[in-house]
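Taking it in order: structure first as structure tokens, then the write-up.
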């Protein structure tokens, strides 16, 4: 069986010591590739912070307290990967120590102020409709899955 380009690129990101990976182009192909890429990101998301850039920005967040970079009224969604126990404050639809399962429960929320997500167990995709200001980490890799003339290119360290 073949391994996906994303899986191979994440190997390189690990080799260069990237703590954060920005992924572009993972969701623009065939449905089978899109589903595999999401599966790879979820499976390997505990290794480093994963940020997927497409029609918006998705960040896979693990256990801990996360201040979400949202303006009041900004729309966002939370999707479990595959299940998580979460507390969400500063949102129109808050959650208190609740189990979030795959499905539509975390879809289409809005910030009502300082929005904080506490993940007790599991992982959660935090999705915003528009890209937020992302800080530049010390070591990150940009992974683009768009085909180019130079298919042998490795992820670029920034």
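Residue numbers (the working numbering): 19 to 176.
For every residue, glycine included, the Cβ atom is placed at its ideal position computed from N, Cα and C.
Identified DSSP bridge partners for residue i
i           : result
residue 84  : 135
residue 140 : 102
residue 127 : 94
residue 66  : Its beta-bridge partners do not exist; DSSP assigns none.
residue 76  : 70, 145
residue 118 : 102
residue 113 : 106
Distance CB(residue i)-CB(residue j) smaller than 8 angstroms
i           : j           : result
residue 128 : residue 79  : no
residue 104 : residue 69  : no
residue 45  : residue 52  : yes
residue 146 : residue 109 : no
residue 81  : residue 138 : yes
residue 120 : residue 95  : no
residue 22  : residue 67  : no
Burial state of residue i, where buried means 16 or more other Cβ atoms lie within 10 Å
i           : result
residue 63  : buried
residue 35  : exposed
residue 91  : exposed
residue 76  : buried
residue 113 : buried
residue 55  : buried
residue 27  : buried
residue 24  : buried
residue 49  : exposed
Three-way DSSP call (helix, strand, coil) for residue i in this model
i           : result
residue 61  : helix
residue 20  : coil
residue 152 : Because the pLDDT of residue 152 is 48, which lies under 50, any placement of that residue in the model is unreliable, and the question is left without a value.
residue 106 : strand
residue 170 : Residue placement at residue 170 cannot be trusted, given a pLDDT of 49 that sits under 50; the coordinates are not used to answer.
residue 49  : helix
residue 31  : helix
residue 89  : coil
Nearest-angstrom beta carbon gap, residue j and residue i [assumed within contact, 8 angstroms]
i           : j           : result
residue 101 : residue 118 : 7 angstroms
residue 65  : residue 32  : 6 angstroms
residue 136 : residue 93  : About 21 angstroms; that fails the 8 angstroms criterion.
Residue-chain proximity (residue i, chain D), Cβ-Cβ < 8 angstroms
i           : result
residue 116 : No chain D is present in this structure, which holds just one protein chain.
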